[in-house]
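Note that UniProt numbering has the sequence shown beginning at 1, numbered continuously upward.
Glycine included, C-beta positions come from ideal geometry on N, C-alpha and C.
These figures come from a predicted structure and were not determined experimentally.
Below is one structure, written out as C-alpha cells; the observations come after it.
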Amino acid sequence: DDPKNAPCRQAVAWAAVGGKADAGKAQEYFGEMKSVTGVDWPDGTEADFQRLYFCGPPGGKAQCGLPPCTCSDPPCGTCYADGFAAPPPLPPRPGCTNGTGGIQCKPPSTALGYKGMAWPSMSFSGKKEMHIFAIGDWGGLDGSHQPTEGRTSLSIYNGGKKKGPSVFPRDRKNKDTTVLLCHHFTFLQCYCDPPCPTAINHECKPGCGFVKGVDDRAQILVAKSMEARAAKSHPDYILNVGDNFYWGGIEKNCGTPMDKLSFQAHHQFTQIYEGVYNGPGLSGKPWLSVLGNHDWGGRVFNNGWDQQISYTWYSDRWILPAPYWSQHVEYPDQGFSVDIYMIDSNAMDAMDPSASPSHNLCGPINPAGADCSVAGGPSSAGTCKSWFKSFWAENQMWLEAELPKSKADWQIVVTHFNCGHEQAWYKKLHQNFGLDLLVTGHRHDQELWDPKELRAGDTDRDLGGLMCFVTGGGGGISSEATPNPADKHDWFGEGQYGFFDLTISKSKIFLQSINYDGTVLKEATLTHA
1 DDPKNAPCRQ AVAWAAVGGK ADAGKAQEYF GEMKSVTGVD WPDGTEADFQ
51 RLYFCGPPGG KAQCGLPPCT CSDPPCGTCY ADGFAAPPPL PPRPGCTNGT
101 GGIQCKPPST ALGYKGMAWP SMSFSGKKEM HIFAIGDWGG LDGSHQPTEG
151 RTSLSIYNGG KKKGPSVFPR DRKNKDTTVL LCHHFTFLQC YCDPPCPTAI
201 NHECKPGCGF VKGVDDRAQI LVAKSMEARA AKSHPDYILN VGDNFYWGGI
251 EKNCGTPMDK LSFQAHHQFT QIYEGVYNGP GLSGKPWLSV LGNHDWGGRV
301 FNNGWDQQIS YTWYSDRWIL PAPYWSQHVE YPDQGFSVDI YMIDSNAMDA
351 MDPSASPSHN LCGPINPAGA DCSVAGGPSS AGTCKSWFKS FWAENQMWLE
401 AELPKSKADW QIVVTHFNCG HEQAWYKKLH QNFGLDLLVT GHRHDQELWD
451 PKELRAGDTD RDLGGLMCFV TGGGGGISSE ATPNPADKHD WFGEGQYGFF
501 DLTISKSKIF LQSINYDGTV LKEATLTHA
C-alpha cells in the first residue's frame with residue numbers, strides 16, 4: 001500500500017486483466033513468466049503477476065519495490081527495487097568492521113579505483129597436495145535473460161531460451177584460420193532443436209564438426225568434470241582467465257554505481273556462474289578473475305564490465321576487484337608462497353573504429369554516444385583504441401615494477417589473451433624478472449606450451465623457456481575445432497573443451513590438462529631453473 005508502489009499496482013492490475021487478454025502481445029511480454037513464477041501467463045492470477053513483476057520484471061523494467069513474495073528465480077532475498085538488487089549482507093571477511101578495513105570491505109567509487117592493488121593474502125595450511133584449477137571462456141548465453149536498453153535476446157536458436165547456460169556457436173575455421181569450415185549461421189542449425197525456420201541452411205553441415213551432446217552442452221560438461229575432480233583433489237582456488245559471459249559480458253550499459261547490482265548482472269551471475277559451479281571441493285572456493293574481451297563487450301566497449309567488478313562485494317568467492325590486481329598466497333606448513341598477478345590484455349582487440357566489426361572493442365557496432373568515462377573507461381569510440389593501448393602500457397609498467405619486489409617462491413601471471421601475444425615482453429618477464437608461469441585463455445581450446453617440447457625453428461611458440469598454457473575451452477562458446485578426437489586435423493592443442501589442474505609445492509608445479517569427460521590429456525612439470 002506504500003504510495004511509491006502505485007506504478008507497481010497499476011502494472012500488475014493491467015497485466016492480470018487486459019495484458020493477458022491480448023494473446024499475441026502477452027506471449028511476447030510475459031513469455032518467461034512460468035520460469036519465474038511456476039505459472040504460465042494464461043493461468044496467472046493477480047498474485048502471480050505481482051510475483052512476476054517483483055521477481056522478473058517484464059523487459060527488465062523494475063516497477064515494484066522489495067517483494068512480500070517468494071521468488072523462484074532469483075531467490076527472494078535478492079529481488080529488486082529500482083532495477084537494482086537489494087544489497088545482501090557482505091560476506092564476513094577478516095578486518096572489516098562497519099565498512100572499515102581493506103579493499104575487501106567495500107567497493108571503490110569507480111570500477112578502476114583499486115587497479116594495481118593487492119587483495120588480502122590467503123593462507124592454506126596442511127601437508128596434503130595443494131591444487132589450483134584454471135578455466136576460461138566458460139560463460140554461456142543466459143537464455144532466460146530479459147533484454148533491456150534496446151538489446152536483443154541472448155537466445156539465438158531454438159532450444160536456447162531456457163534457464164542456465166547455452167553454448168554460443170561461432171565460426172569454425174581451419175588451423176591456420178585461412179579457410180572457413182562452418183559459418184556461424186550454418187552452425188546455428190546444429191544447435192537448433194527443433195530445426196530453426198530459416199530459408200537457408202536447413203541442416204547441420206558435416207563441415208561444422210558438430211558433436212551432439214558435447215558441443216551443445218560444453219559448459220555443463222566442463223563444470224561437471226571440474227566438480228568430479230574437485231571432490232577428489234579439493235582445489236584451494238580457481239584461476240579464471242576471463243570471457244565469463246558470452247556474447248558481450250553483462251548485458252547492461254556501463255555506469256551502474258559500484259555499490260549497486262543491476263537486475264541483469266544478478267540474473268546472469270545466478271544462471272551462468274552460481275548455479276553451475278558447485279559441489280564438494282568446489283563450492284565456496286575463491287575465483288581469482290580477470291576480464292576477457294567479451295566481458296568488455298566483445299564488439300563494443302560499453303557493456304557492464306564494471307558490474308563484474310562490483311560483484312566481488314556481493315559474493316563470497318568471486319574476486320575481481322579491478323582489471324589488474326595481485327594476490328599473495330601462503331602455504332605455511334609446506335614453507336612456500338606464490339604471488340599471482342592478474343592483468344588485462346584486452347588491448348589486443350582494440351582496433352581502429354572501422355576495423356574488424358565483429359571482434360573489435362572500438363568498432364562501428366558501438367552505439368552512438370557510447371561512453372564509459374563515469375566508470376573510468378573509454379569516453380568514446382574515437383578514443384577507445386588509444387585508451388586501451390594506454391591501459392595496457394599501464395598494466396605492463398605495473399607488472400615490471402611488481403615482479404622484482406616478489407619474495408615468493410613462485411610468480412604466476414594470469415591474463416585473457418592466449419600464449420603468443422606480446423611474445424617478446426613475456427619472454428623478458430621470464431628471463432629478466434623471474435616470471436615462472438603464464439596462464440591464458442581466449443583461444444577456445446586447451447593447449448599446454450611446455451618449453452621442453454619446443455621444436456627448432458618454431459619461433460611462434462618460443463617464450464624463452466617460459467611455461468604457458470591456454471585454457472579457453474570452458475565451454476561458453478564452441479571450440480576452435482571439432483571435439484571429435486578422431487578428427488584432430490585442425491587442433492591447436494591437446495583438447496577442445498576442458499580445464500587445468502595444477503598441483504603446487506615448493507619445488508615444482510605439476511600441470512594437467514583435463515578434458516570435459518575427466519580424461520587427463522597432457523601433463524608437464526615446472527621446476528625452478
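Practice problem: If I'm right that residue 418 touches residue 369 with Cβ under 8 Å, what's the distance once you round it to whole angstroms? | Solution: Not confirmed; about 33 Å, so no contact.
Exercise. Could you tell me how far apart the beta carbons of residue 510 and residue 135 are, in whole angstroms, since I believe they sit closer than 8 Å?
Key: No, residue 510 and residue 135 are not in contact; Cβ-Cβ is about 18 Å, not under 8 Å.
Self-check item: Alpha-carbon to alpha-carbon, residue 428 and residue 464
Solution: Approximately 8 Å, taken between the alpha carbons.
Quiz item: Comparing alpha-carbon positions, which option in 455, 398 and 508 lies nearest residue 532?
Solution: Absent from the model: residue 532. The displayed extent of the chain is 1 to 529, so no value can be given.
Exercise. Pull up the CB-CB distance for residue 219 and residue 204, whole angstroms please, since I reckon it's below 8 Å.
Key: The pair is not a contact, with the Cβ atoms about 20 Å apart (cut-off 8 Å).
Quiz prompt | Unbroken stretches of the beta strand (DSSP E), 3 residues or longer, contained in the stretch 291–343 | solution = Correct list: 325–331 and 336–342.
Self-check item: Close-in-space but distant-in-sequence residues of the same chain around residue 276 (CB under 6 Å, 5 per side omitted)
Solution: Apart from sequence neighbours up to five positions away, the residues of its chain that approach residue 276 with a beta-carbon distance below 6 Å are 223, ordered along the chain.
Practice problem: Assuming residue 326 and residue 422 form a contact by the criterion Cβ under 8 Å, report the distance between their Cβ atoms to the nearest whole angstrom. | Solution: In fact, because the Cβ distance is near 19 Å, the residues do not count as touching under 8 Å.
Quiz item: When the Cα of residue 117 is compared with those of 340, 244, 347 and 248, which residue comes out closest?
Solution: Nearest in C-alpha terms to residue 117, of all of 340, 244, 347 and 248, is 340.
Practice problem: Give the range of the beta strand (DSSP E) segment to which residue 468 is assigned. | Solution: Where residue 468 is concerned, the enclosing beta strand (DSSP E) stretches over 467–471.
Quiz item: With DSSP run on the structure shown, which of helix, strand or coil describes residue 12?
Solution: Reduced to three states, the DSSP call for residue 12 is helix.
Practice problem: Rounded to whole angstroms, what's the CA-CA distance from residue 241 to residue 469? Just pull it up for me. | Solution: Straight through space, the alpha carbons of residue 469 and residue 241 are spaced by roughly 11 Å.
Quiz item: Where does residue 453 land, buried or exposed, given buried means 16+ other C-beta within 10 angstroms?
Solution: Within 10 angstroms of the beta-carbon of residue 453 lie fewer than 16 other beta-carbons, which makes it exposed.
Quiz prompt | Own chain residues within Cβ distance below 6 Å of residue 251, not counting five before or after | solution = Residues 151 and 264 of the same chain have their beta carbon placed closer than 6 Å to that of residue 251, with the five preceding and five following residues left out of the count.
Quiz item: Any idea if residue 300 is buried or exposed, counting beta-carbon neighbours within 10 angstroms, 16 or more meaning buried?
Solution: Buried, since its Cβ has 16 or more Cβ neighbours within 10 Å.
Practice problem: Can you tell me which of 381, 357 and 120 puts its alpha carbon nearest to the alpha carbon of residue 330? | Solution: The option with the nearest alpha carbon to residue 330 is 120.
Exercise. Buried or exposed for residue 82, please, with buried defined as at least 16 other CB atoms from any protein chain shown within 10 angstroms of its CB.
Key: Its pLDDT being 43, under 50, residue 82 is placed unreliably in this model, and the coordinates cannot settle the point.
Exercise. Flag this pair as yes or no: are the beta carbons of residue 244 and residue 316 separated by less than 9 Å?
Key: No, they are not a contact pair.
Practice problem: List the whole-angstrom C-beta distance separating residue 308 from residue 376, where the pair is believed to meet the contact cut-off of C-beta under 8 Å. | Solution: Between residue 376 and residue 308 the Cβ distance is about 14 Å, and since that is not below 8 Å, they are no contact.
Quiz item: Exposed or buried, residue 425, counting other C-beta atoms within 10 Å across all chains shown (16 or more means buried)?
Solution: Under the 10 Å beta carbon count, residue 425 is surrounded by fewer than 16 other beta carbons and is classified as exposed.
Quiz item: At what residues does the alpha helix (DSSP H) containing residue 385 begin and finish?
Solution: Element bounds for residue 385: 381–402.
Self-check item: Cβ neighbours of residue 443 in the same chain (closer than 8 Å, five flanking residues each side left out)
Solution: The answer, listed in chain order, is 418, 470, 472, 480 and 492.
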